[in-house]
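Just so you know, the sequences run in chain order A and B.
Position in the first sequence (from 1) plus 11 gives the number in the working numbering.
Position in the second sequence (from 1) plus 356 gives the number in the working numbering.
Glycine residues also receive a C-beta, built at the ideal position from the N, C-alpha and C atoms.
Because the structure is a prediction, the values reported are computed rather than measured.
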Amino acid sequence: MRLRRPARLGGGAARVEPPGAPRHVAYLYLLPALAIYAAFVLAPLGHTIWLSLHQWDGLTPATWVGLDNYSEILHDGALRSAFEHSFVLIVFYAVIPVSLALVLVGALSRASVRGQAGFRTVLFLPQVIPMVVVAVIWRMIYAPGDGPLNRALRGIGLDSLARPWLGDFDLALPAVGVVGTWVMSGLAFVLFMAGVQKIPQSLYDAARVDGAGPLREFFAVTLPNLRGEIAVALTLTTIAALRNFDLVYITTQGGPGDSTSVPAFQVYNRAFQLGQIGSAAAIGFTLACVIFVIAFAITRIADRGQT
Amino acid sequence: MNERRVPKLAVGLAAGVALLALAGLGAAGTQPTSKRATVTLLVWDQEVRGGQAAAIKKLNADFQKKYPSIKINRVAKSFTDLQATLKLAASGPNPPDVVEANNGYSAMGPLVKANLLLSLNSYAARYGWRARYSTGLLKMNQFTADSKKFGTGNIYGIPMTGEVVGVYYNKAKLRKLGLKVPTTFAAFEQAITKAKQGGETPIQFGNLDKWPGIHEYEEVLLQYVSRAYARSFIFGSGGGKTNFNSRGAIAAAAKLQAWVKAGAFTNGYAGIGYDPSWQAFGKGNGVFLISGSWLTADLKKALGNDVGFFLLPPAKGKQLATLGGEGLPWAISSKSKNADAAATYLNFLTTNSSMQTVANNGQLTATKAKVRVPSGLDTEVYNAWTKANRTDAIVPYLDWATPTMYDTVTAAVQELMAGKATPSSFAKKIQSDYSKFHSS
């Protein structure tokens, strides 16, 4: 059967379409993938949204509460601060690693360093280690008495700086963040290194002929050409920052007090510990929206400059 | 007309359904009259570690010998796995007949509310279960049928093992400091001071995992309030009117803060995990360790004859009270078709001879039965437990008070000990969680 098609612009007589032009039948080809996507992503998403409008303990019938679970996120101080903490973590997971990696790449792109492959591997290594292992290792590093960090500080006479990092109300969140920086820097670095390699050498040559110093060269050639990679790195690291659960769960359990509590931890806690499944669904959906908005903004900004 | 056709169709459908239902009933009705076949009990438990696992294996084997017509189909799960899957399984079409359902609002409460657990009152009467347990311990398994009140009403489970929180001490260090095992709260405080002066860590402690703080605070709390007050608060008897913003609770919070200031706890305790903390005690670091009977085997292995155990002694003229509880209570699904057989199993697990098996495997026995235990630390812990259990001195964990109290009290104790909260704001924070729960 023939599918109806919309009227085309400027069309007098019906024209034969060029081969390869989009056709409605294409949707048919998409159907299998769409069906799987719908069954495993869209349906659960819809179900989560549906649950988030209820109060449900997982056993007894749910009661409809409308948007109450969402207004709780705005009004409950503990939940609001959980979201604030995750924005602080963006600095440590995304902003610092990306800046750090850019500096490294800027330095390395100028000169060929012997054993670059080795450096790359070492820097990327944290990405390969499971987050749970990373968390356990860093818990040991931060340990107050015999942890390497405090021992090193005491070793160089900085006894006053030695402290129970993860148990300190002001420093626990940055301490968790630094772990994120350690993990994410390698990812950003490897992405940028790959990006730099595809920048044509002629651009660098041209810049040098024009008398650009290393700094100028970085801002005029390297940075603009890495726009795409920066967008990818920022998106990945920001998402990692926002959905951070394992690191907090293992290192601090959200403590001390509530100072490292993050939304994903609250989702787990409410759904599986407290039996507040509606509230957990609302936090989860809100988190998904926040991630979507930020990721969308990053790609938009990256695209805008690319003309 | 369309409008007419719909009701007719509905009536037809309803009749069909009714017929099917009748047929089903008929089929179900004929089953019990058929010749008595072997009964299979699906059992979900989390007795998977060391002595626990050995005990339950032996008990199941003994049970099969004694009751060959009841077959035990055991599914062993870790505690976390059991907690995560129990609710779905219990509400599903094929629930376990017997299950270990964690006390309080985390598992038992919601299951009672959803009518998924069988009230064991009639079995308790038939087998005399009430007489087996101390009142305080039995309360931990009780809920009203609407699940609104905890610690009263129907019995929904019975425990096989017990646990008690007290003070482990390093005998060699105590001797070196010229101290005896303290017998009053004041003497315990003096021992802390002496230990500090002697250059030792008085109380080995690590609170990075949040929950150990409950032990430190509540053990002190029980020296400042009565058992009745603590139980009434935790179980919410009296409709949740028991106020935590009380003199005793605040005084206990102030005492804990004073201990922190005096350096009673390990340096940097806020950043030390629970396991590293007791392991450090096992390596001879610290004079005291406030923790539970579950560490007995590990600490005996680490310190041999140099480790002892006592219950935090009450102030002069005050009743003994200590933190403690029970292993996960064994419950029966309300959907079980073999409830009688399940009750036979529960009864068997808690008889005197089974209690001896439990003790043989290094576990504390939940009932009042007299059992023999190995000498040394095991005896000290066992004696402390029986003393507390027989005198009904066991008070459950503060975090049982409301579904959200675990988060509230662990965070509050961290704030209190770090000096981020005053004793009275600490008490107010806990009270506000409490009144929120009881007013809803």
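Check                                                                                                                                     : Outcome
Which listed residue (B:Ala411, B:Lys427, B:Tyr461) has its alpha carbon closest to that of glutamine 439 (chain B)                       : B:Tyr461
Contacts of alanine 176 (chain A) in chain B (Cβ-Cβ under 8 Å)                                                                            : Sequence check: residue 176 (chain A) is tryptophan here, not alanine. Those within 8 Å of tryptophan 176 (chain A) in chain B are Gly627.
Beta carbon proximity, alanine 93 (chain A) to chain B, threshold 9 Å                                                                     : no
Any C-beta of chain B under 9 Å from that of leucine 289 (chain A)                                                                        : A quick correction: the sequence has glycine, not leucine, at residue 289 (chain A). No, no contact with chain B.
Counterpart residues of leucine 679 (chain B) in DSSP-defined beta bridges                                                                : B:Val751
Cβ distance (whole Å) where phenylalanine 637 (chain B) is taken to contact glutamine 560 (chain B) below 8 Å                             : 4 Å
Cutoff 9 Å: glutamine 127 (chain A) Cβ touching any chain B Cβ                                                                            : no
Candidates B:Tyr762, B:Arg746, B:Gly595, B:Glu403, of which the one nearest serine 796 (chain B) by Cα                                    : B:Gly595
Cutoff 7 Å; reference asparagine 429 (chain B); Cβ partners in own chain excluding five residues on either side                           : Thr396, Leu397, Leu398, Val399
Euclidean distance between Cα positions of serine 425 (chain B) and glycine 642 (chain B)                                                 : 54 Å
Span of the beta strand (DSSP E) around serine 462 (chain B)                                                                              : From DSSP, serine 462 (chain B) is part of no beta strand (DSSP E); its letter is neither H nor E.
Test item: CB-CB of glycine 295 (chain A) and glycine 178 (chain A) under 9 Å                                                             : no
Contact with chain A by leucine 444 (chain B), beta-carbon distance below 9 Å                                                             : yes
Neighbour flag for threonine 71 (chain A) against chain B, beta carbons, 9 Å                                                              : yes
Residues that aspartate 87 (chain A) contacts on chain B, provided the C-beta gap is smaller than 8 Å                                     : Neighbours of aspartate 87 (chain A) on chain B: none; closest Cβ ~11 Å, over 8 Å.
Beta-carbon neighbours of aspartate 221 (chain A), restricted to chain B and to distances below 8 Å                                       : By Cβ distance, chain B contributes nothing, its closest Cβ being about 54 Å from aspartate 221 (chain A), past 8 Å.
Beta strand (DSSP E) runs contained entirely in the segment 683-726 of chain B, provided each spans 3 or more residues                    : 686-688
DSSP three-state assignment for isoleucine 140 (chain A), whether helix, strand or coil                                                   : coil
CA-to-CA distance, glycine 507 (chain B) to serine 582 (chain B), given in whole angstroms                                                : 17 Å
Through-space distance from leucine 42 (chain A) to serine 82 (chain A), alpha-carbon basis                                               : 38 Å
Below-9 Å beta-carbon distance, alanine 806 (chain B) vs any chain A residue                                                              : Because chain B in this structure spans residues 357 to 796, residue 806 (chain B) falls outside the shown range and cannot be described.
Reference serine 588 (chain B); option with closest CA among B:Lys495, B:Glu771, B:Gly664, B:Ala774                                       : B:Lys495
Chain A contact for methionine 357 (chain B) (CB, 9 Å cutoff)                                                                             : Only weak support is given to the placement of methionine 357 (chain B): the predicted model assigns it a pLDDT of 34, under 50, and the value that follows is read from those uncertain coordinates. Chain A contact via Cβ: absent.
Residue-chain proximity (leucine 78 (chain A), chain B), Cβ-Cβ < 9 Å                                                                      : no
Rounded straight-line distance, which links the Cα of arginine 531 (chain B) to that of glutamine 613 (chain B)                           : 28 Å
C-beta contact flag for leucine 474 (chain B) and serine 692 (chain B) at 9 Å                                                             : yes
Glycine 555 (chain B) and proline 155 (chain A) closer than 9 Å at C-beta                                                                 : no
Contact set between lysine 566 (chain B) and chain A, taken where Cβ atoms lie within less than 9 Å                                       : Thr263, Gln264, Gly265, Gly266, Pro267
Beta carbon of methionine 151 (chain A) nearer than 9 Å to that of proline 159 (chain A)                                                  : yes
Cβ pair serine 63 (chain A), serine 290 (chain A) closer than 9 Å                                                                         : yes
Cut-off 8 Å between Cβ atoms - residues of its own chain near alanine 383 (chain B), not counting five sequence neighbours on either side : Residue placement at alanine 383 (chain B) is flagged as unreliable, the pLDDT there being 39, under the threshold of 50; the coordinate-derived value follows with that caveat. The answer is none, since no qualifying residue turns up.
Contacts that alanine 440 (chain B) makes with chain A (C-beta to C-beta distance below 8 Å)                                              : Phe283
Cβ-based neighbour list, proline 137 (chain A), same chain, cut-off 7 Å, excluding 5 preceding and 5 following                            : Val145, Trp193, Val194, Gly197
Separation of aspartate 401 (chain B) from alanine 432 (chain B), as counted between CA atoms                                             : 5 Å
Unbroken alpha helix (DSSP H) run spanning aspartate 734 (chain B), endpoints                                                             : 733-746
Chain B contacts made by the segment 146-163 of chain A, where a contact means CB separation under 7 Å                                    : Arg150, Tyr153, Ala154, Pro155, Gly156
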